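Comments concern the structure below.
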Amino acid sequence: QEQLIESGGGLVQAGDSLRLACAASGRTSSTIVMNWFRQVPGKQREFLAAITGTGDSTYYADHVKGRFTISRDNVKNTVYLQMTSLKPEDTAVYYCAVGPGPRVYHYWGRGTQVTVSS
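Residue numbers (the numbering used here): 69 to 186.
Below is the structure:
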């Protein structure tokens, strides 16, 4: 299976924006759905967004609609998560994952830490 490498995390202040990237080692198939989820230690994974292989359809968790935007560049084999108006409760490790559909994850990367200070 291909490797997924997330990047772009960091320490920001509330209200700031960040763009996360997920680079796939191989050629991402146009049939593969890519997801972003996050996890806080001791808590369950939290779905954030998904995008179909062609990018024609996107899916969002209600609590990030209007703040987060998922996109993909199949030429660069990269999926992005643009995050705006960040809040302290957005602090987590963010992962991208391959799956057959939204909210279903077959494998994922090591994640990138996002910390939002108040």
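Glycine residues also receive a C-beta, built at the ideal position from the N, C-alpha and C atoms.
Note that the structure is predicted; figures quoted are calculated from it, not measured.
N103 is bridged by DSSP to A118 and A165. Excluding residues up to 5 positions away in sequence, F105 and Q107 lie with their Cβ nearer than 7 Å to the Cβ of R113 in the same chain.
In the structure shown, V132 falls within a helical segment according to DSSP collapsed to helix, strand and coil.
In this structure, M102 is the residue among M102, N142 and D84 with its C-alpha nearest to the C-alpha of G177. Contact annotation: G77 and T180 have beta-carbon atoms nearer than 9 Å.
The C-alpha of I100 lies about 17 Å from the C-alpha of E74. Within the same chain, and ignoring the five residues on either side of Y127 in sequence, the residues whose Cβ sits closer than 6 Å to its Cβ are A118 and P170. Residue pairing of D141 in beta bridges, as defined by DSSP: T146. V80 places its beta carbon less than 9 Å from that of T183. In the structure shown, the three-state DSSP call for E157 is helix.
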